[in-house]
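Residue numbers (the UniProt record's numbering), protein chains in the order written: chain G, 1 to 704; chain L, 1 to 704.
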């Protein structure tokens, strides 16, 4: 390296060799004296003085010792030692003139402080609760069991601290809007407004810690499995699916002439990294991608949804496109009769890790697999809650009705059938059907008695005008359909299952919620994981997509999902109804926590589906141009999945709402009670984006 | 658990007990036969048929074996074994009628394939290069050293694969816009447009893998140190600092009457998690927070900046607010004379980990510390590049001028002084000052000769009208200021350093870049880390903030930075000039890679600074209401730091631009060549947000 010979005095004070060798020498020449001289030589007018508070509760700013322990790390073993703790003054009480008890809380727990020093006691008694203090004292082993001030907290009650010193680091206000760690909770709005106080509540802070753990377990697991974490753009372009996307105006102008007022230009916030991650895998840059990605959807206040949410998102190259030729686990896996088993294996391993480390539960893998059609037939739902029985079955299965009569009782021979469900007597006796069905015009209930055991169809609005062929066989043995005291529920449903629910499927869940709430039904504690596969690839039933499909076929999930190999020829013939997709949903306790699919890697097939089946116009197709192009550059077969982290964690935390596992959630209405968003913008600001309010008179905040 | 007695035939086919025990039984009742029947019973018209391609290059959809190895995992040890590989056809050549050589590439490397089977050879020769194939063959140990087709690639050249089978998984187009892994690079625009092809280039994919590693090392390190990862809102409210923030209009209406057209409401994308993370720490929920956070700034095309970028963001509770009383490392640490040493320790440990695992370099910690004022005096920069010498010094230090004469040569006794820098003869001989200063009117150059060694000040525009008091002492010994052949550079600078550069400091870097580029100066390979502390807490010099401060004082960094303890009294007196902040920047090789500070935890002081010193009006202060409120609820002292991940990784990857370490970067102009953002929106869409284009005639795209 070229070097400058050090020749003059000054450089001996700041030469780099010295600067590197001992920065203290460098420090020497900062000379506060000279600084002061410099500043005094200038003559800016000085500003108002600071008004100190007079209540003797100024926060400590000066030097102080560093805390030696967390409360959680205290135990008998330190008895006799002197420790320094920082935390919140949680409770204070006077036992006698010269004996006071206090409770110190930090995020790891609480510990009792005792003071026999009247000066320290007096000071501490003056501090408002929830003030931040630093205390020094001797660790004493605790004789008597501690009285726990707060049922929510588990104090390190083996020891107490005999105070020798206390510092007020920061006083709390004398009267807080509420006190977070007391049993009685303040009302929700107040807690939402002061979230940064509510977060002090142990239950919430524990949720955040569990969430952090889950993310770390996930990342370690996926790194071990050879995944690469890649950040994809959050600022994307708007897409045809973008019904609920957020637009982001930018000052960057699309008009070439920047002299004229710019025509507004927008990014869109990603709703999921679907396209970027497929491009990434198609590029061949990395064989296995993952990301814990923030996604955005302008849900406009759907129940328990957030405008921003988090996905564990992954994608793998070279996944199998159909059931593998060599299948080591044929026995168990026989129902995973689609491709992407590599994704299944990774996800099951990940979920296993999470449940083991967070819950201490060893999950049995592989998880069960159920075809969509079966789920709809047996549970009337594409996310069956298998923790309780009672099945919703097409009437054709009803043993007292022979196959022949089935067609005759269909309301519409082409489209409709009847589904039925039995609630057995021991549960039925707790149920008042009239009450439960008060607002439900789809489900019909027939209480079963000795007299109508075999004739009930005559009471069914769906089946009453039939003379039934009773099969004596079935009546005579105990396996007959229903028994006195049962409740028989009937509803109409589409013959070919469609969408996520049947009428009875929805009611089945409401009924279970009622029975659980009333304590008549107890759900098993262990989680019930289930894969649902074989969804129809196309649908006409999804309202969310109606605006797009305009009565045409829409993709049940997204247009990149590959068809089931066995249905490929049928699809190519143009008979799309009944074509199943290589899509898989991961269901836990009746909630969908993840979903994914094997993707189409064949550019011609992808274009065929977009143009001929979805009948997207040129402009709509052009939004996918980069993806189709990427497939033409030599893209490997690939597939992936995304798990909803908020939902997953809220289940792990037994939280009712995902808001309890998010640090600063927004309300159902999408507003932020802490940061007060969204808010208005000035006309001037909007002008910068080439925008103006629709109505000039709309209350647009004027800045001074 | 309540259970339903199984009574009828059908349930033996789908009872949950069975469903759970063996899902294969459940699968049985999906009955493809019945499905077909169902669909046949419906009569939707069928759609156009798929037109198969006729060139015999259809992608394989059917069953196939799973790949057994990655190319990177091949070695002599597998010789004789049969392996299955998936990857890209990278090269093909005919050696003789019955001997062909091919190269297979996957993201882990390349391997040679040989075919002696004319059928396989013919097929492979037909496949376009970059097609995705799956091959099966025997591993042969390689006799002769392989000719490496591409200097960029290191093939697993111990072995080659003798082909027994080949599958075309996906054909590439016959002519790609460019071929990523060839030495000659296509032009940048083309590569940007087809980023998903360019990413196939090993150099880029390696960058992504290094980035992923750095993130994982970071997370593991911080988790080990007891940090909790917390996701803070990306959709925040706009803030006074928000000159460059992105607004996000939302359909959520702020007007109570939703009948009238909604008045526009906006979120703002976070520029950094500064406020959320301070609220989090203030809440006491967690003692140590971190997040690898996506941040957003509407930079409007600044060089090598991205509208979205990533920060390693952390914050710690109970950090010391001034040099700790007990300092185990007093010797080295003596110049860290502010608080927050806990943050310093964590960050240095983290950086040490990263350099060790990525570069195999053991960094010496603690890093050096240099006060801002010294950096500005000695290097003319607040991010000194200490890899080369040459110092920019206030003329006062010039030994041939005594302190007394110093004041007389100041251009403006109050504000200005002169800085000077010497380039020694052995470097000077490579420099043409006229050329280097062609567009630089701030720096003046005096070539030193025997004759003007002591009289040069007479040639300086800044000092020429002075009779100088030459100190014979200094002249006579070798430590005199300059020597013949040196180049002496002079420039004017503020007496009290301000902002990030002096004129000479900026020139110093340009000069070094020129010398390095021309090969006359060689920079040392090992990284030079440096902490800069003691920045002025307030400034009038920051243009970025001028719009806010309107000539008033502005915070040099942000209004939450705590003053240096020793300067607190001065600040309270209202003499803010010269008050230093407890801010620290981490500098690497002349680039700022991170910065942070100890925060103000005293609500009164925070309010005093905002109202009395920054003179924010009520409305501006109200934007910080939640933060001030949080401090009043009992907030612990806290401090933190943020590291720019993109910059850090690009330095680790020796990349010129951060775009080379981002999967899908945007152009300098902020547009996305792949996803074609930003783009226009229809009037109807804008209406949904209560917005319309400023100029009706601005080309707003009309949807059909």
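No residue lacks a Cβ here, since even glycine has one placed at the ideal position from N, Cα and C.
Bear in mind that the values here come from a model prediction, so they are computed numbers and not experimental data.
query: Beta-carbon proximity check, residue 322 (chain G) vs residue 62 (chain L), cutoff 8 Å; result: yes
query: Length of the line joining the Cα atoms of residue 499 (chain L) and residue 591 (chain L); result: 15 Å
query: Buried versus exposed, by CB contacts within 10 Å (16 or more), residue 83 (chain G); result: buried
query: Buried versus exposed call for residue 118 (chain L) [16 or more other C-beta atoms within 10 Å across all chains shown]; result: exposed
query: For residue 371 (chain G), the first and last residue of its enclosing beta strand (DSSP E); result: 368 to 371
query: Beta carbon of residue 289 (chain G) nearer than 8 Å to that of residue 279 (chain G); result: no
query: Within-8 Å CB hit, residue 187 (chain G) to chain L; result: no
query: Contacts of residue 215 (chain G) in chain L (Cβ-Cβ under 8 Å); result: 229
query: Contacts that residue 250 (chain L) makes with chain G (C-beta to C-beta distance below 8 Å); result: 246, 298, 307, 670 and 678
query: Three-way DSSP call (helix, strand, coil) for residue 389 (chain G) in this model; result: coil
query: Euclidean distance between Cα positions of residue 694 (chain L) and residue 268 (chain L); result: 21 Å
query: Reduced DSSP secondary structure (H/G/I, E/B, other) of residue 732 (chain L); result: No answer is possible for residue 732 (chain L): the residues shown for chain L start at 1 and end at 704.
query: Sufficient close CB pairs (3 or more, under 8 Å) joining the segment 335 to 349 of chain L to the segment 376 to 393 of chain L; result: no
query: Residues from the segment 81 to 115 of chain G in contact with chain L, defined by Cβ distance under 9 Å; result: 86, 87, 88, 89, 105, 106, 107 and 108
query: Alpha-carbon to alpha-carbon, residue 492 (chain G) and residue 523 (chain G); result: 28 Å
query: Sub-8 Å separation of residue 531 (chain G) and residue 540 (chain G) beta-carbons; result: no
query: When L:355, L:489, L:209 and L:387 are compared against residue 394 (chain L), the one with the closest alpha-carbon; result: L:489
query: Simplified DSSP assignment, three categories, for residue 686 (chain L); result: helix
query: is_contact[residue 692 (chain G), chain L] using C-beta, thresh 8 Å; result: yes
query: Spatial neighbours of residue 162 (chain L) in its chain, beta-carbon cut-off 6 Å, leaving aside the 5 residues before and after; result: 114, 137, 138 and 140
query: is_contact[residue 358 (chain G), chain L] using C-beta, thresh 8 Å; result: no
query: Simplified DSSP assignment, three categories, for residue 271 (chain L); result: coil
query: Inside the segment 176 to 240 of chain L only - alpha helix (DSSP H) runs reaching at least 4 residues; result: 188 to 193, 195 to 198 and 202 to 224
query: The segment 633 to 640 of chain G in contact with the segment 307 to 321 of chain G per 3-pair CB rule at 8 Å; result: yes
query: Top-ranked residue by Cα proximity to residue 484 (chain G), from G:447, G:509, G:561 and G:345; result: G:447
query: Counted within 10 angstroms of its Cβ, other Cβ atoms place residue 277 (chain G) as buried (16 or more) or exposed; result: buried
query: Neighbour-count burial assignment, residue 495 (chain G), 16 or more Cβ in a 10 Å radius; result: buried
query: Contact set between residue 69 (chain L) and chain G, taken where Cβ atoms lie within less than 7 Å; result: Near residue 69 (chain L) there are no residues of chain G at all, since even the closest Cβ is about 12 Å away, more than 7 Å.
query: Sufficient close CB pairs (3 or more, under 8 Å) joining the segment 170 to 178 of chain G to the segment 193 to 200 of chain G; result: yes
query: Residue 612 (chain L) versus residue 564 (chain L) - alpha carbon distance; result: 18 Å
query: 8 Å contact criterion, which residue 527 (chain G) and residue 586 (chain G) should meet: CB distance rounded; result: Between residue 586 (chain G) and residue 527 (chain G) the Cβ distance is about 11 Å, and since that is not below 8 Å, they are no contact.
query: Within 7 Å of chain L by C-beta, residues of the segment 571 to 584 of chain G in sequence order; result: 572, 573, 574, 575, 576, 577 and 578
query: Contact residues within the segment 274 to 292 of chain L, judged by C-beta distance below 8 Å to chain G; result: 275, 276, 279, 280, 282, 283, 284, 285, 286 and 287
query: Straight-line gap, residue 688 (chain L) to residue 691 (chain G) (C-alpha atoms, nearest Å); result: 13 Å
query: Residue 758 (chain G) at chain L interface by Cβ criterion, 8 Å; result: A query on residue 758 (chain G) cannot be resolved here, the shown segment of chain G reaching from 1 to 704 and no further.
query: Cα-Cα separation between residue 210 (chain G) and residue 233 (chain L), rounded to whole angstroms; result: 18 Å
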